[in-house]
Amino acid sequence: MEKILTLISAKVSEAFEAAGYDSFYGRVAVSNRPDLCEYQCNGAMPAAKVYHKAPIQIANDVAAKLGQDESFSQVQALAPGFLNLRLTPAFLAAYLEQTRSAPRFGVEPDPKAGTVVVDYGGANVAKPLHVGHLRAAVIGESIKRIQHFFGNQTIGDTHLGDWGLQIGLVIAELQDRQPELCYFDENYSGPYPAEAPFTISDLEEIYPAASGKSKEDAAFAARAHDATVMFQQGKPGYRALWRHIMDVSLPDLKKNYDSLGVNFEAWLGESDAQPYIPDMLRDMESKGILVESEGARVIEVQEPSDTKEIPPCILIKSDGATLYATTDLATIRQRMQTWNSDKILYVVDKRQSLHFEQVFRAARKAAIVRPETELRHIGYGTMNGKDGKPFKTRTGGVMRLETLIQEITDFVRAKVVENKLVTGDDVEPTTAKIALAALKYGDLMNVPTKDYIFDMDRFAAFEGNTGPYILYTIVRIKSILSRYGAWEALPIVPPETAEAKDLMLALTRLPDALELAYRDCAPNTICAYVYELSGFANKFYHETRILAEEDKEKQQGYIALIGLTKRVLETCIDLLGFEAPERM
Ligand code: ARG
317 MEKILTLISA
327 KVSEAFEAAG
337 YDSFYGRVAV
347 SNRPDLCEYQ
357 CNGAMPAAKV
367 YHKAPIQIAN
377 DVAAKLGQDE
387 SFSQVQALAP
397 GFLNLRLTPA
407 FLAAYLEQTR
417 SAPRFGVEPD
427 PKAGTVVVDY
437 GGANVAKPLH
447 VGHLRAAVIG
457 ESIKRIQHFF
467 GNQTIGDTHL
477 GDWGLQIGLV
487 IAELQDRQPE
497 LCYFDENYSG
507 PYPAEAPFTI
517 SDLEEIYPAA
527 SGKSKEDAAF
537 AARAHDATVM
547 FQQGKPGYRA
557 LWRHIMDVSL
567 PDLKKNYDSL
577 GVNFEAWLGE
587 SDAQPYIPDM
597 LRDMESKGIL
607 VESEGARVIE
617 VQEPSDTKEI
627 PPCILIKSDG
637 ATLYATTDLA
647 TIRQRMQTWN
657 SDKILYVVDK
667 RQSLHFEQVF
677 RAARKAAIVR
687 PETELRHIGY
697 GTMNGKDGKP
707 FKTRTGGVMR
717 LETLIQEITD
727 FVRAKVVENK
737 LVTGDDVEPT
747 TAKIALAALK
757 YGDLMNVPTK
767 DYIFDMDRFA
777 AFEGNTGPYI
787 LYTIVRIKSI
797 LSRYGAWEAL
807 PIVPPETAEA
817 KDLMLALTRL
827 PDALELAYRD
837 CAPNTICAYV
847 YELSGFANKF
857 YHETRILAEE
867 DKEKQQGYIA
877 LIGLTKRVLE
887 TCIDLLGFEA
897 PERM
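Count along the sequence shown from 1, then add 316; that gives the number in this note's numbering.
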C-alpha cells in the first residue's frame with residue numbers, strides 16, 4: 317500500500333506540473349505547525365529561485381490547481397510561499413479503512429528480504445547472566461522481530477560463550493576441591509557419569525571463586541589456562557566436564573531468557589564454530605591472505621582510505637591458540653554454509669566495535685561471505701545506575717540479571733496490589749507483564765548506542781513515556797471493546813471531531829515509524845511512535861463518550877477507530893518484545 321505522504325506528494329507534484337512547474341518541488345511533509353495545517357509543502361521556495369518568481373506566486377498557482385482536488389479540505393498559500401494542507405475527513409477515512417483491512421496494515425515487505433541471522437544474547441556458560449547481557453537480549457529480540465515483520469526469514473542465534481577460559485577455571489577449581497573425581501584420573505577410560513558432579517547453584521559459587529582465585533594465585537591461573545587448552549584439544553575427562561557444564565547451564569540460561577520473553581531459534585555457541593576452523597584457515601592460507609606477523613598468523617585489514625589505524629585481525633597466536641576473532645570468522649562460515657545468510661546482525665556491546673570491524677573486513681577479504689551479504693554491528697551503550705556509572709548492586713557488586721528482574725517485579729507487584737489493579741490469581745501474570753514492559757521499554761526507548769540510566773521509579777510509572785503507560789492505554793481500549801461486543805469488522809468512518817482526526821492522522825504515520833526502525837535497526841523509533849499514538853488515543857478517549865453514545869452509527873465509527881488503534885499498538889509492542897495484560 318502507498319504511504320499517505322507518497323499519495324499526497326503525488327497530488328501536489330501533479331499540481332506543480334499542471335501550473336507549469338517541475339513536479340520535483342511537490343514533496344510534502346507532515347506539518348511542524350499542527351495548529352496551522354496537517355501537511356505542508358515548501359517547494360515554492362526553491363522553485364522561486366529557478367523560475368525567477370516570488371514564491372508566494374508559485375504557491376498561489378499550485379493552490380489554484382489543487383483547490384479542485386477532493387482530498388483536501390484546506391489548501392492555503394501562505395507568505396512567503398508555504399502550501400498548507402488539510403485532508404478531508406472522507407479521504408482520511410478511506411485511507412485508514414484500507415489500512416485496517418490490509419495485511420500488516422498495508423506496510424510493504426522489503427523487496428530485498430532474505431535470510432537474516434541476528435546474533436544476540438552472547439551469554440557465557442558457567443557464568444551467571446549479568447545486567448550487561450540484558451541490553452543484547454532486549455534490543456536483539458526486538459530487532460529480530462522487526463526484521464521478520466519486513467518479510468525476512470529470521471534466525472536468532474545466541475552465540476554462547478562456551479569455549480573460553482571460564483571452562484578451564486571451573487575445571488581447575490573442581491580439581492582442587494574434588495581431586496578424587498574420575499574426570500581427573502589419568503588411568504580412567506570412561507564411560508563418564510551421566511550426572512554432573514555439581515548443580516547450577518554449585519556452579520554459581522564455583523565460577524566466581526575460581527575467577528577470584530586466578531587473580532591472586534598465578535599457579536592456579538596457569539593451571540586454569542592449561543585446563544582450557546586441554547579441554548579444547550579434546551581431553552576426554554575435561555570434555556565430559558564441559559558437557560556437564562553445558563547441561564547444567566543451558567536450562568538455567570533458557571529459563572532466564574524465557575522470563576525476558578526472549579527466544580532463540582538457534583542455541584549455537586563458540587564450540588559449534590570450532591569444526592569450521594581448520595578448513596577456513598587452509599582456505600585463507602591458499603588465498604595467501606594469512607600472513608606472518610611477530611610469530612602470529614594474521615589477516616591485514618588496514619585500508620588506504622582509513623583515517624585511523626585498524627590493527628590486523630589475529631587468527632592464530634604464536635603459541636598456536638586461536639582467538640575470539642577466529643571463532644567469529646568460523647561462525648560466519650557456518651552461518652553462510654547452513655543458512656546462506658543475506659544479513660548477519662550483531663547486537664553486541666559497542667566497546668567491541670573494533671573487533672567487529674576487523675572480523676567483517678577479514679570475512680570480506682577471505683570471501684567467507686558473498687559480496688552482497690550485509691554484516692552489521694549494532695553496538696549498544698552501557699546501562700548505568702543513577703550515579704552515572706555502570707549499574708551495580710547496592711553493595712557494589714555486579715548485578716545478576718535474575719536479581720534485577722526480581723527487583724523490578726517486586727516493585728511493580730507492590731503497585732498492582734496497592735492500587736488493586738487485579739486480584740487473586742491475576743496478580744502474578746499481570747505483574748510479570750507490566751514489569752517486563754517497564755524494563756524493556758525503559759531500555760528500547762533510547763537510541764541503542766547511547767548509555768542510559770536505569771531508574772525503576774521512572775520506568776515503572778503508569779504515566780509519562782513508559783512501558784506501563786502504553787499497556788494502560790491498550791488495556792483501557794480492550795475494556796471498552798469487550799463491553800461493546802464484536803468490533804473486528806466495523807469500517808473506519810470520517811472523523812467528526814478534532815480528537816478523532818488527530819488520532820487517525822497519527823495512525824497513518826505507522827509505516828514511517830516501522831520503516832525507520834527497520835532501516836536503522838532502531839526500536840526507539842517504534843517507542844516514540846507508540847508514545848505519540850497513545851497520547852492521541854487517550855485524548856480521544858477523554859473527549860468522546862464512546863459507550864454512552866446513542867447514535868449507533870457514530871458509535872460504530874468510534875469503536876472501529878479504537879479497535880484499529882489497539883491492533884496497531886499491540887503490533888508495535890509485539891515488535892518491541894512485550895505484551896499487554898487483559899486488565900490492569
Ligand atoms: N560472549 C560475548 C561476551 O559476553 C558476546 C558474544 C557476542 N557475539 C559474537 N558473535 N561475538 O562478550
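Note that CB positions come from ideal geometry on N, CA and C, so glycine has one too.
For A612, which residues does DSSP report across the bridge? S609
Do the CB positions of M772 and R451 come within less than 9 Å of each other? no
Please classify N735: is it buried, with 16 or more other beta-carbons within 10 angstroms of its beta-carbon, or exposed? exposed
At a cut-off of 8 Å, is G477 close to the ligand ARG when judged by its beta-carbon and the heavy atoms of the ligand? yes
Distance, Cα to Cα, E619 vs I605? 14 Å
Could you name the residues that DSSP lists as bridge partners for G695? V664
Whole-Å CB distance - A326 paired with Y341, under 8 Å assumed: Not confirmed; about 13 Å, so no contact.
With distances taken Cα to Cα, identify the nearest neighbour of L849 among E815, I875 and K868. E815
Assuming V617 contacts Q674 (C-beta within less than 8 Å), just tell me the rounded distance between them. 5 Å
Start and end of the beta strand (DSSP E) containing F672? That residue, F672, is in no beta strand (DSSP E); its alpha helix (DSSP H) goes S669 to K681.
Own chain partners of L481 with C-beta closer than 6 Å, once the 5 adjacent residues on each side are dropped: T544
Between which two residues does the beta strand (DSSP E) containing I471 stretch? Q469 to D473
For F332 and E354, what's the separation of their Cα atoms in angstroms? 19 Å
Span of the beta strand (DSSP E) around I632: C629 to I632
Check for me: the alpha helix (DSSP H) holding V366 runs from which residue to which? A360 to Y367
Any heavy atom of the ligand ARG inside 8 Å of the beta-carbon of G713? no
Compute every distance between the C-beta of H449 and the non-hydrogen atoms of the ligand ARG, then say whether any falls below 8 Å. yes
Taking 8 Å as the cut-off, is the beta-carbon of G550 closer than that to any non-hydrogen atom of the ligand ARG? no
Would you call the stretch 769-789 and the stretch 838-852 touching, i.e. three or more CB-CB distances under 8 Å? yes
Bridge partners for F388 per DSSP, in chain order? L403
Run of the alpha helix (DSSP H) containing A379, from where it starts to where it stops: P371 to L382
In terms of residues, what are the limits of the alpha helix (DSSP H) holding Y355? Where Y355 is concerned, there is no enclosing alpha helix (DSSP H), although the beta strand (DSSP E) it sits in stretches over Y355 to C357.
Per the DSSP calculation, I769 is bridged to which residue(s)? N700
Following the continuous alpha helix (DSSP H) through T789, name the residue where it begins and the one where it ends. G783 to Y800
beta-carbon G907 near the ligand ARG non-hydrogen atom, thresh 8 Å: Residue 907 cannot be examined here, being either before or after the span of the chain that is shown, 317 to 900.
Go to D588, then tell me how far its alpha helix (DSSP H) extends in each direction, as first and last residue. E586 to A589
Does the beta carbon of T698 fall short of 8 Å from some heavy atom of the ligand ARG? no
Kindly list the residues whose CB is nearer than 8 Å to the CB of M820, restricted to its own chain and excluding five residues on each side of it in sequence; keep chain order. L408, A409, L412, I808, P811 and L877
Would you mind sorting G344 into buried or exposed? The rule is 16 or more other CB atoms within 10 Å of its CB. According to the sequence as given, residue 344 is Val; it is not Gly. With 16 or more other Cβ atoms within 10 Å, it is buried.
K603 (DSSP reduced to helix, strand or coil): helix
Under the rule that 16 or more other beta-carbon atoms within 10 Å means buried, what is E521, buried or exposed? exposed
Does DSSP put G477 in a helix, in a strand, or in coil? strand
N348 - DSSP class collapsed to helix/strand/coil: coil
Would a C-beta distance cut-off of 9 Å place V378 and Y337 closer than the cut-off? yes
My output table needs one value for L394: the three-state DSSP class, helix, strand or coil. strand
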